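Single-structure report; data block below.
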């Protein structure tokens with residue numbers, strides 16, 4: 600008898616925080632990766648980081664809502680366990696609460712995902728509150744906000760002075776009050792991430808933050824080592840997939856040029 604697969608819910612994430620069990624989150628942009636990580640992860644994030652990892656852009660700002668929807672569909676279709684969250688891309692929610700709601704509804708409807716994520720300053724707290732009031736599940740994102748950065752070389756830790764740290768903390772508290780179900784904390788000092796995680800009742804998911812966040816997220820391409828030239832301080836490469844792909848391509852090319860491939864087992868006989 601096949602064991603039934605239970606879908607992770609927002610309440611499950613809250614229970615993980617209450618019982619001090621860590622939340623596992625990774626990005627996925629394609630069906631094959633979603634199929635691999637879905638049984639293992641609690642949350643899958645279809646991140647706008649795909650602008651850089653998939654399409655080779657210098658920042659995350661050059662991706663449309665239609666592109667996010669295409670990737671969100673592919674991931675959601677093959678995610679039966681993890682909670683699937685899709686990023687609202689740059690310029691799809693900042694202009695008005697109504698724009699944010701329309702974008703969120705379109706993404707949720709077309710992707711059949713579970714929630715949306717948006718990068719949030721204090722100015723966008725009313726937008727989060729408006730979305731939640733309209734039955735949208737919102738994951739917020741504080742600290743380093745990649746959509747505000749035009750060049751990847753300008754990615755820097757946030758909250759390093761008292762004023763900046765206090766602003767990030769107060770934003771987190773306001774987002775919880777507005778109804779966000781979880782908050783991603785990116786690239787802030789460990790002490791600040793700890794303070795936020797201890798003060799919030801909702802889960803925090805860190806990336807370059809602290810082990811004491813309620814969960815951790817990494818970009819899948821960073822974790823498996825696809826790009827040998829890019830490795831932020833907060834990334835640990837668990838594999839070197841770039842090496843293995845490179846070796847496979849070299850072997851294939853050598854076999855083709857030596858007239859060895861296709862092998863007998865690859866050929867159709869009468």
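Residue numbers (this note's numbering): 600 to 869.
C-beta: ideal position from N, C-alpha, C; glycine also.
Since this is a predicted model, take the numbers as computed values, not measurements.
DSSP three-state assignment for residue 805, whether helix, strand or coil: strand
Buried or exposed (CB count within 10 angstroms, at least 16 for buried), residue 655: exposed
Bridge partners - residue 781, DSSP secondary structure assignment: 738
Proximity of residue 711 and residue 675 at Cβ, strictly below 7 Å: yes
Beta-carbon separation (whole angstroms), residue 730 vs residue 699, contact threshold 8 Å: 6 Å
Where residue 604 falls: helix, strand or coil (DSSP): coil
Residue 791 beta carbon less than 7 Å from that of residue 764: yes
Three-pair Cβ contact test at 8 Å for the segment 610-626 versus the segment 635-646: yes
Terminal residues of the beta strand (DSSP E) in which residue 815 lies: 814-817
Proximity of residue 742 and residue 787 at Cβ, strictly below 7 Å: yes
Residue 849 burial status per 10 Å Cβ neighbour count (16 or more: buried): exposed
CA nearest to the CA of residue 708, picked from 661, 693, 736, 681: 736
As assigned by DSSP and simplified to three states, the class of residue 716: strand
Cut-off 8 Å between Cβ atoms - residues of its own chain near residue 816, not counting five sequence neighbours on either side: 624, 625, 626, 642, 644, 783, 804, 805, 806
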